[in-house]
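Contents: one structure, followed by commentary.
There are 2 protein chains.
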Amino acid sequence: MAHGEKRSTSIDVAKLAQVSPKSVSRVFNDEPHISPALRKKVLRAAKELNYHPNVLAQGLVRRQSYLIGLIYEKPSPSYVVELQRGALERLHGERYRLIVLPVQSVMDRPLEVVSLVRSAALDGVILAPPASDHPDILDGLSDAHIPFARIAPQSWLDVGLSTAMDDVAAAREIAEHVIALGHRTIAIIMGDPAHAASAQRLIGYHQAFDANGLPPLPELVETGDFSFESGYEATKRLLSRKLRPTAILAQNDDMAVGAMSAARELGFDVPADLTVVGFDDSEIARVVWPRLTTIRQPVMEMAKTAADMLLRKLAGEDPGGMVIHAHQLVDRLTAAPPPTSS
Amino acid sequence: MAHGEKRSTSIDVAKLAQVSPKSVSRVFNDEPHISPALRKKVLRAAKELNYHPNVLAQGLVRRQSYLIGLIYEKPSPSYVVELQRGALERLHGERYRLIVLPVQSVMDRPLEVVSLVRSAALDGVILAPPASDHPDILDGLSDAHIPFARIAPQSWLDVGLSTAMDDVAAAREIAEHVIALGHRTIAIIMGDPAHAASAQRLIGYHQAFDANGLPPLPELVETGDFSFESGYEATKRLLSRKLRPTAILAQNDDMAVGAMSAARELGFDVPADLTVVGFDDSEIARVVWPRLTTIRQPVMEMAKTAADMLLRKLAGEDPGGMVIHAHQLVDRLTAAPPPTSS
DNA sequence: ACGAAATTGTCCTTCGTTGTCAATTGTGCG
DNA sequence: CGCACAATTGACAACGAAGGACAATTTCGT
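In the order they appear, the protein sequences are chains D and E. Here the first sequence stands for residues 760 to 1101, numbered as in this note's numbering. Here the second sequence stands for residues 760 to 1101, numbered as in this note's numbering.
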């Protein structure tokens, strides 16, 4: 293994092994009808030269890049991590590699996203919200014949592959849980309006309110953007209202944790004085103290399934259209009965 | 914009624009001596056909893939996020794309990493710890003439490009801070021993102990692996010792937060009963309550600089060998004087 | 209008690998 | 022993774009 070796090609290997280049190709692609002798010769030569097939050349002739893109727009860090974990887990051991493509603003320039994907020659794309719900992007990718798997889409459910969960039901469940504890004055911190899931979850909350004869309280609905800071700010505002909530439903965990920080800073104990629940069950929910009561959204599984469907599709199989993953209420330590006030 | 358009080539564009293929190439590569008229014709035809140069073909002839790899091994989620953010920030607007390559175990099979990089045809690699300190990997990449930038390396500092911080000084500083508050019985939670930084930080802590006439307390040193859980477990053990520490120095934030959870669960208030400080100042440090006192390790900046050096190197410039980034003590809410005991 | 410079076109290679099809070798069996 | 047929290998042209070397054609300054 000399220092400074040059990159070697299949032709070099062929020459050294005294066989045709085509044979090298055949060996490396595990084609049938290869004599063990040939295989051994080629492999030995390849090892000697430290040969690796050139993916670019392979890609050119096969019209494949073996690259999968993951598109997301400034989501909460914990969410991206889960997404990547899921996708990578499925991709592990495969030839495909994951390219991360955070995009500035999906809503403003959707076609840029399509252009990005095309110019990167991706074989397939995993779309996280809100890109997974943008019609122009879906159309653009369809037109370009680029397979895509959508994470948690809310509309156009028949387009492309998708993995989803029932946001409405999940939101209803956690709201029911809070109501069952005795809360009546319940505030809501919405996520980024650009994400269709935000509206869905609100619907779920309201269903629970309805079912229990609680009127919606528009003045206790604040809008955030799924970030810690937005949850923090929203909570500061909420807790200074004359009508003070005894519970806060945050549409994701980061905002819920922001709510906890704000509450603490204002001298409220969680959960004794204020119940806070989140949504997602991302890493952060298990890590804060007290541990956050939330809805487990199987982001990792969804990403994994998305990658799986994409791979199957790329392999020519029919992965079906949509897989629904189950959510689950995770009751930890931040939900308690309201303080027995005045 | 018809549905189901086929992929178009430079030849198609040339035909439509009534120019030579060579002109198309010239326009797309911004070569000099091109009349605005030609440029416009070509661009219009390209747009009409929705043409994107085939990166694979370009890469093949130019011997470049425009792909940069980011290699890391199961680090704390917050760390990866910062890494990616930094690298992506620098890469934004460039032709280069980021491929994420989490690897199982760098220590066990370093050559696999090299092989991985070679077979993916990466133009350059960013190595996070502990891969950034593994001689076999450095050698392998050097042999293959693949440029690499190392994040926070501790040894072989003259090899390749690197961005670093002074771990020893930083650790010393935060230990000094804790000691200055009056603590004398100070526990340490080490990070993953596979990371060279762990040993460095320990040295820093001990320097501070020395300088203040405190003996090292080997029985109060626990070893974790940079994960929340390991910090949690280590703290459970530490707080049940007969010699109970009044402060815990954790070698990263995740473990520090784990320590806070454990302490809380055992009925200790942070910081009233127990001081906990971390290292890194990752997202989580700002998000927990009380906000964590820690050392700001400029991970994002380091990653950004690493990407920058790599790009400069790939552009043929000489980016120098190493850039040191400044750290900073971030005193928030988890460090306080020890309880006035007995 | 004349030489120089700017612009565009032609043509042929190269990049490294695979697909196609033809050529060769080997095998079972009547 | 020889044939039909399968297994094995080789030859050669793609794949899509870029680069070099020139030739052909403007365009411009004076």
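The C-beta atom is built at its ideal place from N, Cα and C for all residues, glycine as well.
For residue i, which of the options has the nearest alpha-carbon?
i        : options                                  : result
A928(E)  : Q1056(E), R798(E), H792(E) and A776(E)   : Q1056(E)
D926(E)  : I938(E), P1097(E), R1000(E) and N1011(E) : N1011(E)
F985(D)  : A1022(D), P1004(D), P977(D) and I947(D)  : I947(D)
A953(E)  : M1061(E), Y831(E), R798(E) and D1028(E)  : Y831(E)
A776(E)  : N788(E), M924(E), D789(E) and Y810(E)    : Y810(E)
M1081(D) : P1030(D), I945(D) and A911(D)            : A911(D)
G883(D)  : S957(D), S779(D), I1083(D) and R1071(D)  : R1071(D)
K806(E)  : I793(E), R856(E), S835(E) and S769(E)    : S769(E)
S957(D)  : L1008(D), E935(D), A1066(D) and E841(D)  : L1008(D)
A1085(E) : E1060(E), P974(E), T1099(E) and R1045(E) : E1060(E)
I827(E)  : V937(E), R931(E), Q843(E) and D898(E)    : Q843(E)
I938(D)  : R909(D), G950(D) and P975(D)             : P975(D)
L1025(E) : L1088(E), P791(E) and R996(E)            : R996(E)
L808(E)  : H792(D), P795(D), S824(D) and R877(D)    : R877(D)
F987(E)  : V1046(D), L1051(D) and D771(D)           : V1046(D)
V865(E)  : V839(E), V1029(E), L847(E) and K833(E)   : K833(E)
G1079(E) : P889(E), D917(E), S794(E) and E790(E)    : D917(E)
R909(D)  : P888(D), D898(D), Q1087(D) and D895(D)   : P888(D)
V772(E)  : V801(E), F787(E) and I896(E)             : V801(E)
E841(D)  : V1058(D), E935(D), D892(D) and I1083(D)  : V1058(D)
F1027(E) : A1022(D), W1048(D) and F1038(D)          : W1048(D)
A1066(E) : S921(E), F1038(E) and L961(E)            : S921(E)
K774(D)  : H792(D), D867(D), R803(D) and I945(D)    : R803(D)
Count the other CB atoms, across all protein chains shown, that sit within 10 Å of the CB of residue i; report buried if there are 16 or more and exposed otherwise.
i        : result
R854(D)  : exposed
S914(D)  : exposed
T1005(E) : buried
E1076(D) : exposed
E978(E)  : exposed
L881(D)  : buried
A923(E)  : buried
K799(E)  : exposed
Q959(E)  : buried
A1074(E) : exposed
S779(E)  : exposed
T1099(E) : exposed
P1097(E) : buried
S1101(E) : For S1101(E), the predicted structure reports a pLDDT of 47, less than 50, and the residue's modelled location is therefore unreliable. The matter cannot be settled from this model.
D1040(E) : buried
P894(E)  : exposed
I1083(E) : exposed
P869(E)  : buried
M760(D)  : The predicted model places M760(D) with a pLDDT of 44, which falls under 50 and marks its position as unreliable; any figure quoted below should be read in that light. M760(D) is exposed by the Cβ-count criterion.
S794(D)  : exposed
G941(D)  : exposed
H936(D)  : buried
D867(E)  : exposed
Residue j and residue i - do their beta-carbons sit closer together than 7 Å?
i        : j        : result
A1018(E) : T994(E)  : yes
G919(D)  : A1062(D) : no
V1016(E) : I1043(E) : yes
S784(D)  : L797(D)  : no
I858(D)  : I858(E)  : yes
A955(D)  : R856(E)  : no
V862(D)  : V873(D)  : no
K835(E)  : D1013(E) : Per the sequence presented here, residue 835(E) reads as Ser, with Lys not at that position. Contact: yes.
A1021(D) : V1029(D) : no
G963(D)  : R931(D)  : yes
L724(D)  : I933(D)  : The structure shown does not extend to residue 724(D), since chain D is modelled only from 760 through 1101, so no value can be given for it.
*asked:* For the pair the region 1031-1042 of chain E and the region 1090-1099 of chain E, tell me if three or more CB-CB distances fall below 8 Å.
replied: yes
*Could you say if the region 991-1002 of chain D and the region 842-858 of chain D meet the contact criterion of at least three C-beta pairs nearer than 8 Å?*
no
*Residue ranges of each alpha helix (DSSP H) run of no fewer than 4 residues wholly in the region 890-959 of chain D, ordered along the chain?*
894-902 and 926-939
_Cβ pair count under 8 Å reaching 3, the region 810-819 of chain E against the region 813-826 of chain D_ = yes
_Cβ contact check for the region 966-976 of chain E and the region 894-904 of chain E: 3 or more pairs under 8 Å_ = no
*Taking only runs of the beta strand (DSSP E) that begin and end inside the region 961-1047 of chain D, which ones reach a length of at least 3 residues, in chain order?*
980-982, 1006-1009 and 1034-1036
*Can you give, in chain order, each stretch of the alpha helix (DSSP H) that sits fully within the region 780-825 of chain E and has at least 4 residues?*
780-787, 795-808 and 814-821
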